[in-house]
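In my numbering, the protein residues as written are 3 to 365.
Beta carbons are placed, not taken as given, at the ideal position from N, Cα and C, and that holds for glycine.
Note that this is a predicted model, so its numbers are computed, not measured.
In what follows, a single structure is set out as structure tokens and then discussed.
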Ligand code: PLP
């Protein structure tokens, strides 16, 4: 199978696998005081130190969670209390669901945040919490977090950054850009599923979502998922060849355009590995199935947990109209091989051609 769905989950990196296995061999719960517990605690704190170094944060300001959905929910719960919440119109469902009454900040047609609209909303709503994604999971479009951070600082607003798709691929230093906090998820950069983190500026207090046994300095109750945390820390240090991956992505993009595809977010700064491309008149789920039958795993704009494909709210917010239901996401994994390009390009061109012969109605 040719796996091109890295934004759903990256393949586990060998360093992460080794770290997870070593953690599984360690007896003990990090909260126990005996020698086994102390060994587990040592692993946990070594992982925290490594994440702190990679993310330009203090170890004490890192809260490990079960993933980014939880980290985003914790940020909204802890920082959003009593504040108006402003969120980008293309945020991930983990933000949208946790802040259903948020005021949306529109995006431009290229998918980037409308900074003028953000400035106007900041004038209207005093002391809000602003939640913005660093990179969009469907289009790969990067937001100008530095500019947004300047606006938030000038207006005394808190800024939470959902950095899930950017960490490990383009930037880890969100605190320097004005973020109050940011969320990351291990399985999005080659760790295993089951661990994420909320990282805050120094000394930021966090009201816990889950109290439990007071772990993570009282900010997140529950036994931490040590093997997944060890894998997360190892994967973060593994390096990423963004230039090589962008070259491969650009080749695939050119092949899609030659076959009639329309690239979403073209012209905006984007993640190196992501291509969101619509085939006019062809439903996204039909394309996904056609490519799956050719042995290629991609995803459609918004595939929810039930596997049902609906038109993408991200592309709709970008004003994509009908194309919002006709786009697939191709996201290259860290270990993509050179022969992925000809294989994907041939399958895409064949799919596009079949559609032309059969007519748009077939899709
Ligand atoms: N935020 C973004 C931008 C994502 O792409 C995802 C996952 O797809 C999440 C948050 C949620 O991450 P997790 O799978 O760790 O809950």
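Element boundaries [alpha helix (DSSP H), containing residue i]
i, result
"residue 112", "Per DSSP, residue 112 belongs to no alpha helix (DSSP H) and is neither H nor E."
"residue 258", "244 to 260"
"residue 289", "286 to 295"
"residue 126", "117 to 126"
"residue 317", "315 to 319"
"residue 100", "95 to 100"
Simplified DSSP state of residue i, which is helix, strand or coil
i, result
"residue 347", "helix"
"residue 212", "coil"
"residue 11", "coil"
"residue 135", "strand"
"residue 272", "strand"
"residue 154", "helix"
"residue 299", "strand"
"residue 143", "strand"
"residue 228", "helix"
"residue 264", "strand"
"residue 323", "helix"
Beta strand (DSSP E) segment containing residue i, residue limits
i, result
"residue 194", "No beta strand (DSSP E) holds residue 194; DSSP gives it neither H nor E."
Which residues DSSP lists as bridging residue i, in chain order
i, result
"residue 442", "Residue numbering for the chain in the displayed model covers 3 to 365; residue 442 lies beyond these limits and cannot be assessed."
"residue 278", "331"
"residue 105", "88"
"residue 201", "64 and 184"
"residue 4", "298"
Short CB-CB distance (under 8 angstroms) between residue i and chain D
i, result
"residue 64", "Annotation note: the requested chain D is absent from the structure, which comprises a single protein chain."
Requested in this report: Give a yes or no on contact between the region 98 to 113 and the region 65 to 78, applying the rule of three or more CB pairs nearer than 8 angstroms.
Outcome: yes
Query raised in the report: Should the region 336 to 347 be called in touch with the region 7 to 17, which here means at least 3 C-beta pairs below 8 angstroms?
Result: yes
Query raised in the report: Would you say the region 156 to 163 touches the region 56 to 65, given that touching needs at least three Cβ pairs under 8 angstroms?
Result: no
Query raised in the report: Is the region 182 to 197 touching the region 32 to 41 in the sense that three or more CB pairs, one from each, lie closer than 8 angstroms?
Result: no
Query raised in the report: Do the region 41 to 53 and the region 144 to 157 meet, that is, are 3 or more Cβ pairs less than 8 angstroms apart?
Result: no
Report task. Jot down the residue ranges of each uninterrupted alpha helix (DSSP H) in the region 20 to 84, minimum 4 residues, whole runs only, in chain order. Result -> 37 to 56 and 70 to 81
Query raised in the report: Hey, is the region 253 to 273 in contact with the region 312 to 329, meaning 3+ C-beta pairs nearer than 8 angstroms?
Result: yes
Report task. Please confirm if the region 342 to 361 is in contact with the region 285 to 293, defined as three or more CB-CB distances below 8 angstroms between the two stretches. Result -> yes
Query - Sufficient close CB pairs (3 or more, under 8 angstroms) joining the region 78 to 93 to the region 197 to 216 - result: yes
Query raised in the report: Should the region 245 to 262 be called in touch with the region 87 to 96, which here means at least 3 C-beta pairs below 8 angstroms?
Result: no
Query raised in the report: Hey, is the region 105 to 124 in contact with the region 214 to 227, meaning 3+ C-beta pairs nearer than 8 angstroms?
Result: no
Query - Three-pair Cβ contact test at 8 angstroms for the region 228 to 238 versus the region 112 to 121 - result: no
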